[in-house]
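Asks: Before I ask anything, here is the structure I am working with.
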Amino acid sequence: MTALLGWMRSLIPVQTEIEWGAVASAAGALITHFTGWSDIHEALVVIMAIDYITGIAAAYINPNMKLNSKKGFAGFCKKMVILCLVALSHELDMALGQSTLTQPFVVWFFIANEGLSILENAGKAGLPIPKKLRETLEQLASEKEEKGERK
Numbered sequence: 001m002t003a004l005l006g007w008m009r010s011l012i013p014v015q016t017e018i019e020w021g022a023v024a025s026a027a028g029a030l031i032t033h034f035t036g037w038s039d040i041h042e043a044l045v046v047i048m049a050i051d052y053i054t055g056i057a058a059a060y061i062n063p064n065m066k067l068n069s070k071k072g073f074a075g076f077c078k079k080m081v082i083l084c085l086v087a088l089s090h091e092l093d094m095a096l097g098q099s100t101l102t103q104p105f106v107v108w109f110f111i112a113n114e115g116l117s118i119l120e121n122a123g124k125a126g127l128p129i130p131k132k133l134r135e136t137l138e139q140l141a142s143e144k145e146e147k148g149e150r151k
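Under my numbering, the sequence shown has 74 at position 74, and the numbering climbs by one with no breaks.
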């Protein structure tokens with residue numbers, strides 16, 4: 001009987017699951033409404049998730065890095081800002097009476113940016129990256145440092 005009650009309790013979501021479910025539902029509704037969802041939006045969200053996961057994996061694998069919840073939350077917030085910029089570009093397109101004037105460019109820019117971040121994470125995790133690709137990433141990293149940008 002105790003096992004049955006334990007199993008039944010496991011079916012009831014805890015407060016954190018309810019809160020995250022509400023956040024995910026609200027985010028999904030807002031994204032769909034404000035961005036005119038398409039395959040490139042799906043690609044962006046998937047690539048953003050892959051970037052987040054590879055960042056965590058790199059911090060776990062690389063002995064010179066450590067997992068940091070504050071840094072992880074900041075990365076999550078940056079991804080939410082990216083989605084807000086995509087929504088803004090969609091609204092600008094709608095205000096200008098154009099369905100695809102600025103939004104595809106914004107989405108593709110962030111797809112490329114997230115792709116570079118995934119490659120950086122792979123390098124930090126110790127995976128081999130082709131020499132030319134590594135040189136390009138190092139050049140981009142040095143340009144970021146020159147501009148004083150933070151990751």
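Where is the CB? At the ideal position from N, CA and C, for every residue including glycine.
Computed from a predicted structure; not experimentally measured.
#1: Evaluate the contact criterion for the stretch 109 to 129 versus the stretch 47 to 64: three or more CB pairs, one atom per stretch, below 8 Å.
#2: In this structure, does DSSP put I53 in helix, strand or coil?
#3: At a cut of 8 Å, does the stretch 72 to 88 reach the stretch 96 to 108 through at least three beta carbon pairs?
#4: Here's a check: name, in chain order, each residue in its chain whose Cβ is nearer than 6 Å to the Cβ of R150, leaving out the five neighbours to either side.
#5: How should A24 be labelled, buried or exposed, when 16 other C-beta atoms within 10 angstroms of its C-beta is the threshold for buried?
#6: Using alpha carbons as the reference points, say which of L127, H41, G97, A125 lies closest to K79.
#7: What is the DSSP secondary structure of L67, counted as helix, strand or coil?
#8: Please list the terminal residues of the continuous alpha helix (DSSP H) segment that includes P104.
#9: What is the C-beta distance between G72 and I56, in whole angstroms, given that I count them as a contact (C-beta under 8 Å)?
#10: In this structure, how does DSSP classify Q139 when only helix, strand and coil are distinguished?
Replies: Per the coordinate set shown:
#1: Segments in contact, yes.
#2: In the structure shown, I53 sits in a helix (DSSP, three-state: H, G or I).
#3: The stretch 72 to 88 vs the stretch 96 to 108: in contact.
#4: A caution first: R150 carries a pLDDT of 49, below 50, which makes its placement in the model unreliable, though a value can still be read off. Apart from the 5 residues on each side of it in sequence, R150 has no Cβ closer than 6 Å to any other Cβ in its chain.
#5: Per the 10 Å Cβ criterion, exposed.
#6: When each option's Cα is compared against that of K79, the closest is H41.
#7: Assigned with DSSP and collapsed to three states, L67 falls in coil, not helix or strand.
#8: First-last of the alpha helix (DSSP H) with P104: 103 to 124.
#9: Rounded, the Cβ-Cβ distance is 7 Å, consistent with contact.
#10: Residue state, collapsed to three classes: helix.
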